[in-house]
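Here the sequence shown stands for residues 2 to 257, numbered as in the numbering used here.
Backbone N, C-alpha and C fix where the C-beta goes; we use that ideal spot for every residue, glycine too.
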Amino acid sequence: MARLEIHQFPTRSDNYGVLIHDPATEATAAIDAPDAEELLAALQKRGWTLTDILVTHHHGDHTAGIEAVKRKTGCTVIGPAREAGLIPGLDVEVKEGDTVEVGGVKGRVIETPGHTRGHVSYFFPDDGLVFVGDTLFSVGCGKLLEGDAKTMWSSLSKLAALPPDTRVYCGHEYTDANCRFALTVEPENEALQARAAEAADNTAKGSPSLPTTIGRELATNPFLRPQSPAIQKRLGMEGRALEEIFGEIRKRKDRF
């Protein structure tokens, strides 16, 4: 049964921060801490007291605020064991299949390396929520900075297997630009065409296109669609391994 309250807020230049709150226990967790002042302001706005930070990966635009927020709130910092030496203030190391708790609500750790070597995502099945950091974006995915296409495709496949109505919260908002690229890969995709129009309208209004859902991503995100006959034909990669096709799409996005 859903019980978490969610507050999403823009932070830094194109990051999105998220607070998750269990009203039954008053526990509150932040997903990453890109900027201390903006995170503390978001907490004050909602009147919530921070108990935990759930860190997805070590990059500075996700961890820069951790130490200041921890000093201010005394919160517990939880993050990937494989990046333990790179995350400031880390208290609890987690790995694949571990459980995290926000008050009385339990989440599951999913290791999703590729963008970084030890990246993790946090899935809360009872609330239908997953926090994916920089592994999966709305109509996109993270750059392969510390991994290869095979590793990232494995990670994305784990996320793609979650229930279709799972709401997806990403570390950045790139939907509009991602749609423009996606249309070069699968222009005949009518769901993608509609998504691109919606994203452009949201951008014009200054509204985010987040959260998304696993189902929407499966229908429109080329990085989750290497099995598409239209994509395979356009790339000249009919029948090739899905991880190879994914890798080619990622290379094209890097050059876009």
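Same chain, Cβ closer than 6 Å to residue i, neighbours up to 5 away in sequence not counted
i, result
"Lys46", "none"
"Thr152", "Pro114, Gly115"
Beta-carbon spacing of residue i, residue j below 7 Å
i, j, result
"Thr221", "Ala201", "no"
"Pro35", "Gly18", "yes"
"Cys180", "Arg168", "no"
"Leu55", "Leu44", "no"
"Leu5", "Val106", "yes"
"Thr204", "Asp177", "yes"
"Arg118", "Arg72", "no"
"Gly134", "Thr214", "no"
"Ala31", "Leu40", "yes"
"Cys76", "Asp62", "no"
Cβ distance (whole Å) where residue i is taken to contact residue j below 8 Å
i, j, result
"Val110", "Asp99", "4 Å"
"Val186", "Arg235", "7 Å"
"Val103", "Val95", "Not really, about 13 Å apart at Cβ, beyond 8 Å."
"Ser210", "Ser139", "6 Å"
"Tyr123", "Gly108", "5 Å"
"Pro81", "Ile67", "Going by Cβ atoms, the distance from Pro81 to Ile67 rounds to 13 Å, so no, they are not a contact pair."
Cβ neighbours of residue i in the same chain (closer than 8 Å, five flanking residues each side left out)
i, result
"Gly65", "Reading off the sequence shown, one finds Ala at residue 65, where the question assumed Gly. The residues are Ala34, Pro35, Asp36, Ala37."
"Asp129", "Going by the sequence as given, residue 129 is Gly instead of Asp. Here the set comprises Ala3, Pro164, Asp166, Thr167, Arg168."
Sequence-distant residues of the same chain with beta carbon closer than 7 Å to residue i, five excluded per side
i, result
"Ser229", "Glu187"
Exercise. In chain order, which alpha helix (DSSP H) runs of at least 4 residues are fully inside the region 52-101?
Worked result: 61-64, 67-74
Problem set entry | Those runs of the alpha helix (DSSP H) which lie wholly inside the region 188-245 and span at least 4 residues | The region 188-245 is shown to contain whole alpha helix (DSSP H) runs of 4 or more residues at 191-206, 215-221, 230-236, in chain order.
For this session: Scan the region 132-195 and note each continuous beta strand (DSSP E) run of 3 residues or more that stays entirely inside, going in chain order.
Result: 168-171
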